[in-house]
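Numbering (my numbering), first residue to last: 37 to 179.
So, in C-alpha coordinates, the structure goes:
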(Lines of atoms letter the chains of each structure in order from A and count residues from 1; the text may use other names and numbers.)
(Lines give C-alpha, C1' and ligand atoms only; values in the text may rest on other atoms or scores of the structure.)
Protein backbone atom coordinates (compact mmCIF):
# COMPACT_ATOMS: atom_id res chain seq x y z
CA UNK A 1 0.00 0.00 0.00
CA UNK A 2 1.26 3.45 -0.87
CA UNK A 3 1.45 5.77 2.12
CA UNK A 4 1.53 9.51 1.82
CA UNK A 5 1.32 12.48 4.11
CA UNK A 6 -2.49 12.55 3.78
CA UNK A 7 -2.87 9.11 5.34
CA UNK A 8 -1.46 10.29 8.66
CA UNK A 9 -3.99 13.11 8.99
CA UNK A 10 -6.41 12.82 11.92
CA UNK A 11 -6.26 11.37 15.40
CA UNK A 12 -4.31 8.32 16.55
CA UNK A 13 -4.20 6.50 19.87
CA UNK A 14 -0.65 6.57 21.20
CA UNK A 15 1.05 4.22 23.65
CA UNK A 16 4.72 4.57 24.50
CA UNK A 17 7.29 2.76 26.59
CA UNK A 18 10.56 4.46 27.52
CA UNK A 19 13.33 2.17 28.76
CA UNK A 20 15.98 4.29 30.45
CA UNK A 21 19.04 2.05 30.71
CA UNK A 22 21.23 4.65 32.40
CA UNK A 23 18.85 5.20 35.32
CA UNK A 24 17.21 1.75 35.18
CA UNK A 25 13.75 3.32 34.99
CA UNK A 26 10.80 2.57 32.73
CA UNK A 27 8.24 5.14 31.68
CA UNK A 28 4.83 4.69 30.07
CA UNK A 29 2.74 7.19 28.18
CA UNK A 30 -0.84 6.80 26.99
CA UNK A 31 -2.59 9.48 25.00
CA UNK A 32 -3.32 10.75 21.52
CA UNK A 33 -1.40 12.05 18.55
CA UNK A 34 -3.21 14.36 16.16
CA UNK A 35 -2.02 15.30 12.69
CA UNK A 36 -3.69 18.56 11.61
CA UNK A 37 -3.39 19.97 8.09
CA UNK A 38 -1.79 23.40 8.06
CA UNK A 39 -0.92 23.60 4.35
CA UNK A 40 -1.07 21.56 1.13
CA UNK A 41 2.09 19.64 2.08
CA UNK A 42 2.19 20.23 5.84
CA UNK A 43 0.75 18.60 8.95
CA UNK A 44 1.27 19.61 12.55
CA UNK A 45 1.84 16.64 14.84
CA UNK A 46 0.56 17.28 18.37
CA UNK A 47 0.69 14.64 21.05
CA UNK A 48 -0.71 14.74 24.53
CA UNK A 49 -0.77 12.04 27.13
CA UNK A 50 -0.27 10.95 30.67
CA UNK A 51 3.32 9.96 31.42
CA UNK A 52 4.24 7.78 34.38
CA UNK A 53 8.02 7.65 34.76
CA UNK A 54 9.37 5.26 37.35
CA UNK A 55 7.85 5.99 40.76
CA UNK A 56 7.14 9.65 39.99
CA UNK A 57 3.54 10.92 39.98
CA UNK A 58 1.75 10.90 36.62
CA UNK A 59 2.25 14.07 34.60
CA UNK A 60 0.90 15.62 31.42
CA UNK A 61 3.30 15.29 28.47
CA UNK A 62 2.97 17.21 25.20
CA UNK A 63 5.03 17.43 22.05
CA UNK A 64 4.72 19.15 18.66
CA UNK A 65 6.48 18.56 15.35
CA UNK A 66 5.92 19.68 11.78
CA UNK A 67 5.63 17.00 9.08
CA UNK A 68 6.33 18.33 5.57
CA UNK A 69 5.69 16.49 2.35
CA UNK A 70 7.34 17.04 -1.01
CA UNK A 71 6.23 17.15 -4.62
CA UNK A 72 7.93 15.47 -7.55
CA UNK A 73 10.74 12.98 -7.15
CA UNK A 74 10.74 13.27 -3.33
CA UNK A 75 6.98 12.80 -2.91
CA UNK A 76 7.66 9.53 -1.07
CA UNK A 77 9.47 11.35 1.76
CA UNK A 78 8.39 13.33 4.80
CA UNK A 79 10.65 15.84 6.51
CA UNK A 80 10.01 15.95 10.25
CA UNK A 81 10.94 19.28 11.80
CA UNK A 82 10.98 20.67 15.29
CA UNK A 83 8.24 23.15 16.14
CA UNK A 84 10.59 26.05 15.33
CA UNK A 85 11.32 24.64 11.84
CA UNK A 86 14.76 23.15 12.51
CA UNK A 87 15.26 19.83 10.68
CA UNK A 88 14.90 16.64 12.73
CA UNK A 89 14.80 13.62 10.42
CA UNK A 90 13.39 12.16 7.18
CA UNK A 91 10.85 9.36 6.73
CA UNK A 92 11.18 7.43 3.45
CA UNK A 93 7.64 6.18 2.81
CA UNK A 94 8.74 3.97 -0.09
CA UNK A 95 10.13 1.57 2.56
CA UNK A 96 8.11 -0.48 5.04
CA UNK A 97 10.75 0.01 7.74
CA UNK A 98 12.54 3.32 7.12
CA UNK A 99 15.12 4.71 9.52
CA UNK A 100 17.16 7.85 9.98
CA UNK A 101 19.57 9.56 12.38
CA UNK A 102 19.76 12.90 14.13
CA UNK A 103 22.89 14.29 15.76
CA UNK A 104 22.31 16.78 18.56
CA UNK A 105 25.75 17.12 20.13
CA UNK A 106 26.64 15.47 22.32
CA UNK A 107 23.68 13.09 21.82
CA UNK A 108 22.90 10.73 18.95
CA UNK A 109 19.34 9.77 17.98
CA UNK A 110 18.39 6.87 15.71
CA UNK A 111 14.78 6.27 14.69
CA UNK A 112 13.26 3.31 12.90
CA UNK A 113 9.65 3.21 11.74
CA UNK A 114 7.61 0.07 11.15
CA UNK A 115 4.70 0.37 8.72
CA UNK A 116 4.33 -3.39 8.09
CA UNK A 117 0.98 -3.51 9.95
CA UNK A 118 -0.43 -0.29 8.48
CA UNK A 119 -2.65 1.44 9.53
CA UNK A 120 -1.05 0.48 12.84
CA UNK A 121 2.55 1.66 12.98
CA UNK A 122 5.36 2.34 15.40
CA UNK A 123 8.53 4.33 15.86
CA UNK A 124 11.50 3.17 17.90
CA UNK A 125 14.05 5.71 19.07
CA UNK A 126 17.47 4.78 20.42
CA UNK A 127 19.17 7.72 22.12
CA UNK A 128 22.71 7.70 23.49
CA UNK A 129 24.97 10.39 24.88
CA UNK A 130 26.97 11.29 27.96
CA UNK A 131 23.81 11.68 30.07
CA UNK A 132 21.33 9.64 27.99
CA UNK A 133 20.85 5.99 27.18
CA UNK A 134 17.27 5.05 26.41
CA UNK A 135 14.98 3.29 23.98
CA UNK A 136 11.52 4.71 23.27
CA UNK A 137 8.87 2.64 21.51
CA UNK A 138 5.72 4.45 20.33
CA UNK A 139 2.72 2.58 18.89
CA UNK A 140 0.02 4.34 16.90
CA UNK A 141 -3.47 2.97 16.17
CA UNK A 142 -6.60 4.63 14.82
CA UNK A 143 -9.10 5.46 17.57
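From the three backbone atoms N, C-alpha and C, an ideal C-beta is built for every residue, glycine too.
Would residue 114 and residue 126 be called neighbours here (beta carbons separated by less than 8 Å)?
yes
Limits of the unbroken beta strand (DSSP E) element including residue 18:
With the chain covering only 37 through 179, there is no way to say anything about residue 18.
Rank 65, 130, 175 by C-alpha distance to the C-alpha of residue 93 and give the top, closest one.
65
Sorted by chain position, which residues of the same chain lie with C-beta nearer than 6 Å to residue 148's C-beta, five sequence neighbours on each side aside?
If we look at residue 148 and ignore the five residues flanking it on each side, its Cβ neighbours are 135, 160.
Check each candidate in 75, 59, 74, 77 and name the one with the smallest Cα separation from residue 89.
59
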